[in-house]
Amino acid sequence: MSKLAFLFPEEQMVKDAEEMIAERQLEIAVCKRVYTADAVDEARNALMNGAKVIVARGFQALLIREYTNTPLVEVKLTVQEVGLLIKRAKRLTGKKHPYIALIVFRNMVTDLSHIEELFNVRFRLFYIEKAMEALEVLEGVKNDRPDCIIGGNVAIKAAQEQGYMTLFYSSTRESVVEAVEAAVCLDQALTQRQQEEAQFETVLDASFNGIIRVNQDGIIIVVNHFIEDLVGMDNEAVKGQRLTEIFPQISMEQVEGILLGETNQITSSVTIRNKPMVIFMAPIEVDGCITGAIISIQKGQEIRIVSRKTEQDMRMRGFVTRQTFEMLSVKSKARREIVDLARIYAVSKSPVFMKLPSGESGMDLAKAIHNNSACRIGPFVSLDLGILSEEEQGAALFGSLEDGTEGDVGKEREVPGEGAMRLANHGTLYIRNAECLSKLMQRKIMRNILPMSEIRTDAQKMTCFDVRFIFSSQDDFRILMEEGRLIPDFFYATNYLLLQMPPIRLCPEDLYQLFDECIRLYSKQYHKSIHLTEGAYSCLLSFAWEGNDLQIRTFCERLVLTAKKRVVDEIVLKKLYEELYPQLKRVDGATRQIIYQSPEGEQICELLQKHFGNRKAVADQLGISTTTLWRRMKKYGIEK
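Numbering (the working numbering), first residue to last: 913 to 1552.
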């Protein structure tokens, strides 16, 4: 058991404590009466003498708590002790229903809400933070004078000077016994916690993985040697730092999800110091409350080794990418969730399927998955099937012979036209527009997806490359399978690690960000300075943007090229959008542009034509101000 220290303002409390110490055979550092001015120094001396828990009362306890960092048990007046004081006060006043005031430090009493009913008195409780505040209390009750004041030395002295009947509060053996018992329990709990932490640290240091413990605010409490080596900092330097400050690669949204109880566990992947790592996060739950989390970091799957010649050849051909998840500029919650899911998928070696909206290539996300996976040392190769016929797919994927026919990938020899599979060996192959895959190519790719144990005994010899596949398409693979364009085995082998990227029009934050980036890019490229008004930004969400990223980029280039003014408002945007992407409708077998205008907009146009563009005349006829008319003209894109 650890040493205890007892520092009391009354000699009787010291005697009561000494009796308890003898009865319980407690080990103590000190047990003495102290003056308030010396309380902090005495507490520090006790700590130097080995005390682990201090017991004190009132203002002395407040000072010790403020100026030392040690476990503290505060002696409180029990309800019975307060009751005895009130009975003595009633006898002093000689009244059946006296008015009694108790001036006390907040940390000295428990719940006294039913005192008046129990003792038939009018009772008021005044809390003070400092002894001299008792004078302010007495000043405040001078128009409603209590019959008796119960308090400490300062309060009693001041009350006596003002003619009050007074009674000094003092702690009995009962409150001292309760405090001693509480100190013993606290010491036992601290000792057990220290043992558990020592065991925990032993487990940490013996672990081959990195272990981080954070509190409910995401602040690091402890790390093991693996983490110290990983970040190049010792435990003391890391402790107290926010997790995402030491590891900015870890998603703050995921950490908050764990700490708020929204998620029970998370597995994801990050790149730390150019090394792929797998992270596992789980909450620490005590009595139904989450008090923190444990984050385990381990090395990713074994990196696929490539020869120096292969690595040099890979770099010469340009099959290297530096893209990471941290470089993805994603702000909306919907798209951040997709990126977080992609981090998780990166841990696996299995195929990933990205269902993309029109106009998005998914290239950056595919590269980030590659660089966070076990394939990151190998090449990243992409192949767009949308520009290949079914006859050309075989040569593009598996290589071709000198006569242009598809090569026999079962033969280990150099071929004039190397296929994407061979180029991506030990790396990642990103196949775009995967809906175009012929059934023959689907079956051949399946042979590379199947476990090697299933292929090794196959009579049809075929070289199987060490390739991680990422597929993307704007079509739903399930629908393609039901239509007979995908073989079921290929669907079930490729569609379970699914990433469904939402259209950019459903992600306002990303839409605004991309628009700003494109405006800056083309303004710099064409030496122009273009700025959008708030009205222009507001109307961006009203457009369909069915072409997503591609449509926005081309729209912005055209806007910057043809803008006549530096400031672009919603009228210019609407006019250009309707010019580039008019609504079409078939009328009498012919396709015609439809220019839609709301009834109110049509009315304004007609009146402007009628009054030869005189806005005041139009406003008068509509019964509105010219300012309101101008706003409505901007709303409907009417220039004049």
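The beta-carbon is built from N, C-alpha and C at its ideal position, and this holds for glycine as well.
Problem set entry | DSSP beta-bridge partners of Arg1478 | Looking at the DSSP output, Arg1478 bridges to nothing.
Exercise. Given 8 Å as the limit, is there contact between the stretch 1189-1203 and the stretch 1234-1251, that is, 3 or more CB pairs closer than that?
Worked result: no
Exercise. Of all the CB atoms in chain C, is at least one closer than 8 Å to the CB of Ala1094?
Worked result: No chain C is part of this structure, which consists of one protein chain only.
For this session: Say whether the stretch 986-1006 touches the stretch 1119-1130, bearing in mind that this needs 3 or more beta-carbon pairs closer than 8 Å, one atom from each stretch.
Result: no
For this session: Over the uninterrupted beta strand (DSSP E) stretch that includes Ile1012, give me the two end residues.
Result: Tyr1011 to Phe1017
Problem set entry | Residues that Phe918 bridges to, as DSSP identifies them | Cys943 and Val967
Exercise. Counting pairs of Cβ atoms below 8 Å between the stretch 1407-1424 and the stretch 1260-1269, do you hit three or more?
Worked result: yes
Problem set entry | Ranges of the beta strand (DSSP E) found wholly within the stretch 965-1008, counting only runs of at least 3 | 984-987
Problem set entry | Cβ-based neighbour list, Gln1224, same chain, cut-off 8 Å, excluding 5 preceding and 5 following | With a pLDDT of 48 at Gln1224, under the threshold of 50, the modelled position of that residue is not reliable, and no figure is offered here.
For this session: Would you list the residues sitting across from Cys1553 in a DSSP beta bridge?
Result: Nothing about residue 1553 can be read from this structure; the chain reaches only from 913 to 1552.
For this session: Could you round the C-beta distance between Val994 and Val1021 to whole angstroms and report it? I think they count as a contact, below 8 Å.
Result: 7 Å
Exercise. Grouping DSSP H, G and I as helix and E and B as strand, with all else coil, what is Val1530?
Worked result: helix
Exercise. Gly1298: which of Gln1386, Val1480 and Val926 sits nearest, CA to CA?
Worked result: Gln1386
For this session: Return the bridge partner residues of Ile1343 from the DSSP annotation.
Result: Note: Ile1343 sits in a beta bridge opposite Leu1295 and Phe1383.
Exercise. In this structure, does DSSP put Gln1128 in helix, strand or coil?
Worked result: Of the three classes helix, strand and coil, the one that applies to Gln1128 here is coil, per DSSP.
For this session: Between the Cα of Glu1086 and those of Gln1072, Leu996, Thr1183 and Cys1468, spot the shortest distance and give me the residue it belongs to.
Result: From the listed residues Gln1072, Leu996, Thr1183 and Cys1468, the smallest Cα separation to Glu1086 is found for Leu996.
For this session: Have a look at Pro1420, Gly1447 and Asp1296 and flag the residue whose alpha-carbon is nearest the alpha-carbon of Ile1382.
Result: That would be Asp1296, whose Cα lies nearest to the Cα of Ile1382.
Exercise. At which residues does the beta strand (DSSP E) containing Gln1412 begin and terminate?
Worked result: Leu1410 to Gln1412
For this session: Give me the Cα-Cα distance between Tyr1011 and Pro1058, rounded to the nearest whole angstrom.
Result: 5 Å
For this session: Would you kindly work out how many angstroms separate the C-alpha atoms of Gln992 and Ile1027, rounded to a whole number?
Result: The alpha-carbon separation between Gln992 and Ile1027 amounts to approximately 10 Å.
Problem set entry | Coil, strand or helix - Gln1074 by DSSP | coil
Exercise. Which whole-angstrom value describes the C-beta separation of Phe1031 and Lys999, a residue pair presumed to lie in contact below a C-beta threshold of 8 Å?
Worked result: 7 Å
Problem set entry | For Ser1181, the three-state DSSP class (helix, strand or coil) | strand
Exercise. Roughly how far, in whole angstroms, is the beta-carbon of Ile1133 from the beta-carbon of Ile1158, given that I think they are within contact range, below 8 Å?
Worked result: So it is not a contact: roughly 13 Å between Cβ atoms.
Exercise. Does the pairing of the stretch 1038-1053 with the stretch 1097-1106 give three or more beta-carbon distances under 8 Å?
Worked result: no
For this session: For the alpha helix (DSSP H) holding Ile1550, just list the boundary residues, first then last.
Result: Unbroken run through Ile1550: none, as it is neither H nor E.
Exercise. Is it true that the CB of Thr990 sits closer than 8 Å to the CB of Phe971?
Worked result: no
Exercise. Cβ of Gly1130 within 8 Å of Cβ of Val1182?
Worked result: no
Problem set entry | His1282 in three-state terms, based on DSSP | helix
Exercise. Three or more beta-carbon pairs under 8 Å between the stretch 1477-1494 and the stretch 1518-1531, yes or no?
Worked result: no
Problem set entry | Separation of Leu1047 from Ala917, as counted between CA atoms | 32 Å
Exercise. Is it the case that the Cβ atoms of Ser1384 and Arg1344 are separated by a distance below 8 Å?
Worked result: yes
Exercise. Is Pro1328 helix, strand or coil by DSSP?
Worked result: Summary for Pro1328: the model assigns pLDDT 46, below 50, so the residue's position carries little reliability, and this model does not support an answer.
Exercise. Using CA coordinates, which residue listed in Leu1172, Cys1201, Ile1202 and Thr1236 is at the minimum distance from Arg1185?
Worked result: Thr1236
For this session: Would you tell me roughly how many angstroms separate the C-alpha atoms of Lys1151 and Asn961, rounded to the nearest one?
Result: 27 Å
Problem set entry | Residues sharing a beta bridge with Cys1060, DSSP | Ile1012
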